[in-house]
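Take the sequence shown: its position 241, counting from 1, is numbered 241 in the UniProt record's numbering, and each next residue is one higher.
Glycine is no exception: its CB is placed at the ideal position from the N, C-alpha and C atoms.
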Amino acid sequence: MRHLVTLHDLDSSEILEIFALVQELKDKRARGERPQLLQGRTMTQVFEKPSLRTRLSFESAMWELGGGASFFSCKEAGLDGRESVEDVARVIGRYSDVITLRTFSHELIQQFAANSQASVINALSDLSHPCQALTDLFTMQEISGDLSQQKLVYVGDGNNVAYSLANCCAKLNVPFVVSSPSGFELCSKLVNSLKEKFPSIQLELEADPHKAVADATVIYTDVWASMGQEAETEKRKQIFADYQINNSLLSAADKNCRFMHCLPAKRGLEVTDDVLDSTHSIVFEQAENRKHLAKGLLVWLMQQS
Ligand code: CP
Ligand code: NVA
């Protein structure tokens with residue numbers, strides 16, 4: 001039985017196995033085939049933060065594969081102190097084959113994984129968002145056909161999405177640049193540990209966004225204030241102003257450069273409408289792929305149990 005708490009739980013060959021399964025299931029769906037690979041399987045989702053893509057991608061994936069899904073807020077599940085985290089994890093684990101969790105605290109997901117007999121998937125924590133990064137690298141591979149020719153440049157907050165992208169790029173040997181204002185860089189502990197673990201890794205921090213995007217094949221951004229940081233929105237608008245993805249920044253990159261965003265986007269803040277709605281943008285292909293990724297990941301995890 002395997003968990004996906006962070007991308008440290010998967011090695012590169014396993015990520016590529018999942019991508020192959022995702023592609024196979026996506027192609028089948030395009031032909032109108034819905035293989036019932038998870039018939040009789042149960043997924044329980046427990047979320048502490050809002051979600052459109054993650055919740056629906058997993059729920060619809062499970063239904064299409066012949067399984068079933070239940071959803072609880074953390075409060076409804078009793079994680080507001082009604083009972084201990086360990087007991088909730090033990091109970092849900094006995095009712096389910098897989099549990100997806102979206103929480104503020106990353107440790108809560110780790111506690112679930114330590115106590116549940118079902119596979120635990122991180123559906124976003126304050127630290128990381130592995131399902132998003134897997135989807136993003138899958139999307140880049142699908143669109144370019146060859147990840148080795150790609151250079152991903154992330155401009156914005158060194159947050160949970162950036163953390164998982166760094167991890168996934170390191171595993172798949174994709175050059176990755178992060179451009180953030182001072183004080184909002186990618187976690188230095190992660191940067192150092194990735195450099196130690198993958199000595200040939202191309203991972204760069206470049207504070208100047210115009211320099212950072214110079215030879216990008218993909219420019220990526222995320223919200224400046226993540227869920228839970230809403231009170232900092234106004235302060236962050238000032239700090240991140242020079243990191244907006246607009247036509248001026250896009251023109252500093254290759255003319256065929258793609259634009260990605262995990263969504264939801266704050267239009268007019270981290271990205272302008274003319275970039276988000278341009279032919280460079282692949283954000284809705286990326287969003288759609290969350291569902292295909294969920295299918296491949298669920299089937300792969302169930303094959304390991
Ligand atoms: N990208 C993403 O995780 O979206 P949701 O917050 O809507 O799930
Ligand atoms: N960094 C964002 C990602 C949302 C999908 C957040 O945590 O709110």
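I'd like to know whether the C-beta atoms of residue i and residue j end up nearer to each other than 9 Å.
i, j, result
"residue 7", "residue 37", "no"
"residue 93", "residue 118", "yes"
"residue 238", "residue 262", "no"
"residue 169", "residue 175", "yes"
"residue 178", "residue 166", "yes"
"residue 172", "residue 282", "no"
"residue 46", "residue 297", "no"
"residue 224", "residue 189", "no"
"residue 214", "residue 252", "yes"
If you count every other CB in all the chains shown that lies within 10 Å of the CB of residue i, and 16 or more means buried, which is it?
i, result
"residue 209", "buried"
"residue 95", "exposed"
"residue 196", "exposed"
"residue 158", "buried"
"residue 222", "buried"
"residue 81", "exposed"
"residue 291", "buried"
Residue i to residue j, Cα distance in whole Å?
i, j, result
"residue 194", "residue 302", "28 Å"
"residue 5", "residue 108", "10 Å"
"residue 289", "residue 18", "13 Å"
"residue 105", "residue 227", "12 Å"
"residue 244", "residue 43", "38 Å"
"residue 71", "residue 99", "10 Å"
"residue 206", "residue 10", "28 Å"
"residue 126", "residue 41", "29 Å"
"residue 264", "residue 58", "17 Å"
"residue 123", "residue 130", "8 Å"
"residue 1", "residue 128", "21 Å"
Our contact map puts residue i next to residue j with C-beta atoms below 8 Å; I'd like the distance itself, whole angstroms only.
i, j, result
"residue 146", "residue 260", "With a Cβ gap of about 17 Å, residue 146 and residue 260 do not count as contacting."
"residue 150", "residue 217", "5 Å"
request  = For the region 179-218, list the alpha helix (DSSP H) runs that are entirely contained and at least 4 residues long, ordered along the chain.
outcome  = 188-197, 209-212
query = What residue ranges within the region 68-131 form continuous beta strand (DSSP E) runs of no fewer than 3 residues, ordered along the chain?
reply = 68-73, 98-102, 119-122
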